[in-house]
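One structure is given below, encoded as structure tokens.
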Amino acid sequence: MTTHVDTNPGNPPELDAAADGSPVLPPENRPTQSTALRSLTTNTVLGGIGLLFVAPMLWLLLASVDSHASWGIEWPHFSLINFKHVLTGSLLHSLLNSVILAVISTAIASIAGVFAAYSFSRRKIPFKGPLLLFILFSSGVPLTIMVIPVYEIFARFGFLSLFPTAVFLSVTSLPFEVYLMKNFIDAVPIDFEEAARMEQASTLQILRRVIIPLAMPGIAAAAIFGFVNAWGSFIVPLILISSNSQQPAPIALYTFLTLPKVEFGNIAAYSLVFCIPVFVLYAASARLFREGFVLGGGVKG
Amino acid sequence: MRFDHVWKLFEGNAVVSDLDLKIREGEFLVLVGPSGCGKTTSLRMLAGLERPSHGRIWMGDKDVTDLPTGQRDVSMVFQSYALYPNMSVKKNLAFGPKVRKEPKKDLDRRINEVADLLGIRQLLNRSPSALSGGQRQRVALGRALIREPQVFLMDEPLSNLDAALRVQMRAELIRLHNRLENTTTVYVTHDQVEALTMGDRVAVLKDGVLLQVDSANDLYEYPESVFVGEFIGSPKMNVQPGSLNTSGGVANIECLGVRTTLSPEITGRIEATPSGGSVLVGIRPHDLHLAGESGPESERVQGLIDIVEHTGTEVFATIDVGDAKVIARLPRTPLPVRGQKVELAFNADRVLLFDVESRKSLLRRDSEREKVSIR
Chain A
383 MTTHVDTNPG NPPELDAAAD GSPVLPPENR PTQSTALRSL TTNTVLGGIG
433 LLFVAPMLWL LLASVDSHAS WGIEWPHFSL INFKHVLTGS LLHSLLNSVI
483 LAVISTAIAS IAGVFAAYSF SRRKIPFKGP LLLFILFSSG VPLTIMVIPV
533 YEIFARFGFL SLFPTAVFLS VTSLPFEVYL MKNFIDAVPI DFEEAARMEQ
583 ASTLQILRRV IIPLAMPGIA AAAIFGFVNA WGSFIVPLIL ISSNSQQPAP
633 IALYTFLTLP KVEFGNIAAY SLVFCIPVFV LYAASARLFR EGFVLGGGVK
683 G
Chain B
85 MRFDHVWKLF EGNAVVSDLD LKIREGEFLV LVGPSGCGKT TSLRMLAGLE
135 RPSHGRIWMG DKDVTDLPTG QRDVSMVFQS YALYPNMSVK KNLAFGPKVR
185 KEPKKDLDRR INEVADLLGI RQLLNRSPSA LSGGQRQRVA LGRALIREPQ
235 VFLMDEPLSN LDAALRVQMR AELIRLHNRL ENTTTVYVTH DQVEALTMGD
285 RVAVLKDGVL LQVDSANDLY EYPESVFVGE FIGSPKMNVQ PGSLNTSGGV
335 ANIECLGVRT TLSPEITGRI EATPSGGSVL VGIRPHDLHL AGESGPESER
385 VQGLIDIVEH TGTEVFATID VGDAKVIARL PRTPLPVRGQ KVELAFNADR
435 VLLFDVESRK SLLRRDSERE KVSIR
């Protein structure tokens with residue numbers, strides 16, 4: 383296929399058919415010089431800012447495989463000794479504690495959150511508006527102002543251990559999760575529910591077979607929020623868990639800094655391992671989010 | 085099935101007022117009216133999705149007003165279809181039987197039967213998003229059918245389809261209704277053509293009030309009010325002020341500057357002549373035509389064509405007659421053009437007369453016809 387070359391640039395290109403009747407492409411619209419220069423400047427500035435964020439990550443990667451790691455970014459003496467060291471003994475145990483803490487907290491918050499969000503979305507509740515506002519505001523209350531009174535309560539009832547702390551963490555992520563899930567359930571058309579109700583489906587059946595599958599992206603987003611909230615929480619387990627053997631990974635990570643000699647390689651390796659579950663979670667849910675709502679084809683108009 | 089003086093109030097506003105309507109077993113009843121007339125609300129009350137504020141709903145000799153939805157023997161096809169997008173067509177069809185814990189062993193057979201009936205057998209494993217509008221419509225019907233209910237409720241099921249498909253599905257729905265003996269269908273639409281073509285009887289609602297329930301033909305021939313006259317039939321009926329005077333068994337009307345004597349058939353049906361003789365005269369566009377060469381001068385009127393609308397088979401023109409605008413059906417040849425002067429006359433045996441105040445019909449029903457419509 384030949385490209386049409388415009389011989390008189392002052393005039394608009396002729397778009398009429400070629401001799402054999404097939405349509406002809408008009409000339410390509412290339413960027414002008416000034417737009418090219420502008421995009422070069424923009425990209426340089428953005429690249430510079432990006433570098434600031436990449437530097438610590440780079441240190442983390444390099445130091446984790448360096449048997450002589452320091453605080454600077456340097457070419458490593460390759461070795462997996464750091465990983466071997468942090469994946470044994472009490473450090474590994476702390477990671478397991480973190481998993482238990484986060485999983486229990488996520489499960490409780492998600493299940494309770496779905497029921498609450500569904501009720502707020504579909505049922506007539508007196509003072510619903512003010513209640514929802516209260517929930518939204520309470521998601522912004524700083525944990526640090528609650529943790530001392532909660533400590534008093536936990537201490538009195540002998541709750542200063544892993545499981546009660548998981549429950550408390552689930553409660554702290556609940557307000558935001560309820561709000562998030564409610565908005566997603568709101569977006570599920572009421573027709574689905576009415577159709578199911580006309581088939582004699584119970585509320586539980588409607589939730590399990592219709593609402594939850596359709597609001598899944600929102601529920602997953604809320605669950606991930608809850609997981610990350612519990613996984614990364616530092617001050618709450620530090621105060622509420624009395625036994626050292628039940629402390630989760632963030633506290634273990636902190637104890638590295640309290641040792642007489644700071645092992646930078648171990649810190650980097652432990653930090654990387656600590657990141658893995660969150661990475662896996664985001665990667666696994668990416669498909670779910672990309673698909674977004676699966677409402678297409680169900681209702682129209 | 086019966087609405088027994090049913091009212092539905094939303095925040096003090098009556099959406100449905102004193103609806104008293106008996107639905108016969110096995111009939112195809114269409115509820116029709118402009119948007120906001122309460123037709124969908126009425127249907128939802130039958131389905132049990134809304135509770136009437138006052139009045140009762142009966143199915144057979146059972147009061148179902150307080151029966152929760154799902155426990156009435158009805159199926160509903162939603163305007164949006166409401167197919168569960170997370171399930172395949174087959175699972176959509178199986179949803180109802182599954183939640184009702186009906187025996188699993190003949191479920192496959194039932195699904196296949198319904199799928200064959202609707203011609204969706206090859207679609208069973210697809211997801212709703214992979215279906216065309218007409219196919220979705222069929223799946224939604226299938227989901228209602230599989231319950232084998234006594235009553236089908238349909239809420240504007242064809243409104244999301246394109247025009248050609250709508251005509252095709254209209255015929256399919258009627259065929260389906262005829263196949264399922266003793267199944268009553270209540271069908272809501274805002275489209276008067278759909279209502280007239282599909283309904284055994286058509287109930288016209290306006291502002292929550294039931295105006296008239298009749299067969300399509302009777303609605304067209306004997307509208308009880310100006311609203312029904314205008315709503316049924318396309319293009320809209322012309323309604324113009326006129327005067328009527330009856331003396332010695334002869335009725336003369338004057339309308340649009342035309343003076344004419346009504347046929348004895350219509351004269352015999354006039355119930356009362358309002359004092360002063362002013363009336364509203366309804367003339368269908370099909371009964372308003374070009375005046376022929378013959379005929380007395382007093383029965384013609386001059387007009388100026390304003391707009392010409394060609395519908396393919398017919399040509400309608402909006403014509404200025406004095407200050408009034410009327411719509412008339414004109415011959416296709418010679419094709420009328422804008423600005424053309426024409427002479428109009430109307431069929432004196434086809435006019436409708438309405439009271440100016442109450443806007444109700446002044447004509448009694450033809451006694452012969454009435455017998456037919458009651459059956």
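So the protein lines, in turn, are chains A and B.
Position one of the first sequence corresponds to residue 383 (the working numbering), numbered consecutively onward.
Position one of the second sequence corresponds to residue 85 (the working numbering), numbered consecutively onward.
We treat Cβ as the ideally placed atom computed from N, Cα and C, and that holds for glycine.
Asked: Helix, strand or coil at Q219 (chain B) [DSSP, three-state]; Found: helix
Asked: Short-range partners of chain B found in the stretch 590-621 of chain A, where Cβ spacing is below 9 Å; Found: R591, V592, P595, L596 and M598
Asked: Under 7 Å by beta carbon: chain A residues contacting L133 (chain B); Found: E576
Asked: Coarse secondary structure for W441 (chain A), derived from DSSP in three states; Found: helix
Asked: V90 (chain B) (DSSP reduced to helix, strand or coil); Found: strand
Asked: Proximity to L442 (chain A) [Cα-Cα], best of A:E645, A:I490 and A:P531; Found: A:E645
Asked: C-alpha gap between T488 (chain A) and R505 (chain A), whole angstroms; Found: 25 Å
Asked: Bounding residues of the alpha helix (DSSP H) (the contiguous stretch that carries R194 (chain B)); Found: L191 to L202
Asked: Meets three-Cβ-pair contact criterion under 8 Å: the stretch 353-366 of chain B and the stretch 322-341 of chain B; Found: yes
Asked: Cross-strand partners of P325 (chain B) (DSSP beta bridge); Found: B:L364
Asked: Range of the contiguous beta strand (DSSP E) that encloses F438 (chain B); Found: L436 to D439
Asked: Among A:L589, A:S627 and A:F607, the one whose alpha carbon lies nearest that of S667 (chain A); Found: A:F607
Asked: Minimum C-alpha distance to M439 (chain A) - residue among A:A499, A:I617 and A:A651; Found: A:A651
Asked: Touching by the beta-carbon criterion (3+ pairs, under 8 Å), the stretch 584-603 of chain A and the stretch 472-480 of chain A; Found: no
Asked: Backbone secondary structure at H459 (chain A) - three-state DSSP; Found: coil
Asked: Secondary structure, alpha helix (DSSP H): runs of 4+ residues fully inside the stretch 595-680 of chain A; Found: 598-613, 617-622, 631-640 and 646-673
Asked: Neighbour flag for D573 (chain A) against chain B, beta carbons, 8 Å; Found: yes
Asked: Identity of the residue in B:T417, B:P380, B:F315 and B:A335 nearest R368 (chain B) by Cα; Found: B:F315
Asked: Neighbour-count burial assignment, N301 (chain B), 16 or more Cβ in a 10 Å radius; Found: exposed
Asked: Close-in-space but distant-in-sequence residues of the same chain around Q424 (chain B) (CB under 8 Å, 5 per side omitted); Found: L388 and I389
Asked: Residues of its chain near R250 (chain B), where Cβ-Cβ distance is below 6 Å and the 5 sequence neighbours each way are ignored; Found: L242
Asked: Beta-carbon proximity of Q582 (chain A) to V161 (chain B), cut-off 8 Å; Found: no
Asked: Backbone secondary structure at Y168 (chain B) - three-state DSSP; Found: coil
Asked: Three-state secondary structure assigned by DSSP to T357 (chain B); Found: coil
Asked: Amino acids of chain B, ordered along the chain, whose beta-carbon sits closer than 8 Å to that of Q587 (chain A); Found: V183
Asked: Cross-chain neighbours of Q628 (chain A) in chain B, by beta carbon under 9 Å; Found: Neighbours of Q628 (chain A) on chain B: none; closest Cβ ~40 Å, over 9 Å.
Asked: Beta bridge counterpart(s) of Y271 (chain B) as assigned by DSSP; Found: B:V114 and B:M238
Asked: At least three beta-carbon pairs within less than 8 Å, the stretch 513-522 of chain A to the stretch 576-590 of chain A; Found: no
Asked: Counted within 10 angstroms of its Cβ, other Cβ atoms place S445 (chain B) as buried (16 or more) or exposed; Found: buried
Asked: V173 (chain B) to R205 (chain B) span [Cα, whole Å]; Found: 10 Å
Asked: Where S216 (chain B) meets chain A, residues with beta-carbon distance less than 7 Å; Found: Residues of chain A passing the Cβ test: none, with the nearest at roughly 10 Å.
Asked: Cutoff 8 Å: Y271 (chain B) Cβ touching any chain A Cβ; Found: no
Asked: Rounded separation between L133 (chain B) and E576 (chain A) - CA only; Found: 7 Å
Asked: Distance cut-off 7 Å: F545 (chain A) Cβ against heavy atoms of the ligand ZN; Found: Among the components modelled here there is no ligand, and therefore nothing to report on the ligand ZN.
Asked: Inter-residue spacing [alpha-carbon to alpha-carbon] between F609 (chain A) and Q163 (chain B); Found: 40 Å
Asked: C-beta contact flag for L654 (chain A) and S446 (chain A) at 8 Å; Found: yes
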